[in-house]
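Numbering (the working numbering), first residue to last: 16 to 128. All residues carry an ideal CB built from backbone N, CA and C; glycine is no exception. Please read the structure below before turning to the comments.
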Amino acid sequence: MPDCLFCKIRDGQIPAKIVHRDDATFVIEDINPQAPMHLLVIPQEHVATVNDLEPRHAELVGQLVLAAKTLAATRGYAESGYRMVLNCNRDAQQSVFHLHLHVLGGRAFTWPP
């Protein structure tokens with residue numbers, strides 16, 4: 016998508032600190048972190064929201080979660096715990112309409128969020 020912030024980051028048109036990249040995903044640090052670790056795991060493929068996922072994306076969603084798990088472990092948060100969040104649309108506070116998984120760790124979280 017030509018106007019998508021994450022597509023522009025993916026394509027190198029906008030600089031960002033990419034902390035991981037593979038064939039399916041790339042990961043950046045959130046510019047407004049809500050925890051000591053706040054990463055965004057983003058699919059290489061542009062999918063606007065969770066509502067736009069199709070059965071063919073099942074493996075992609077799994078790859079997002081596995082990347083999050085690996086990064087949380089690498090950064091030392093696997094044992095203490097971490098949170099993964101997928102927001103869908105404006106009322107859920109999705110601000111960039113390119114699917115992304117928030118991965119937060121390094122502090123105690125409450126419920127409801």
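Check: Span of the beta strand (DSSP E) around L116; Outcome: L116 to G120
Check: Spatial neighbours of C19 in its chain, beta-carbon cut-off 8 Å, leaving aside the 5 residues before and after; Outcome: H61, V111, F112 and H113
Check: Residue closest to H53, alpha-carbon to alpha-carbon, out of P30, R36, R90 and C22; Outcome: R90
Check: From F41, A63 and S95, residue whose alpha carbon lies closest to that of A83; Outcome: F41
Check: Reduced DSSP secondary structure (H/G/I, E/B, other) of I24; Outcome: helix
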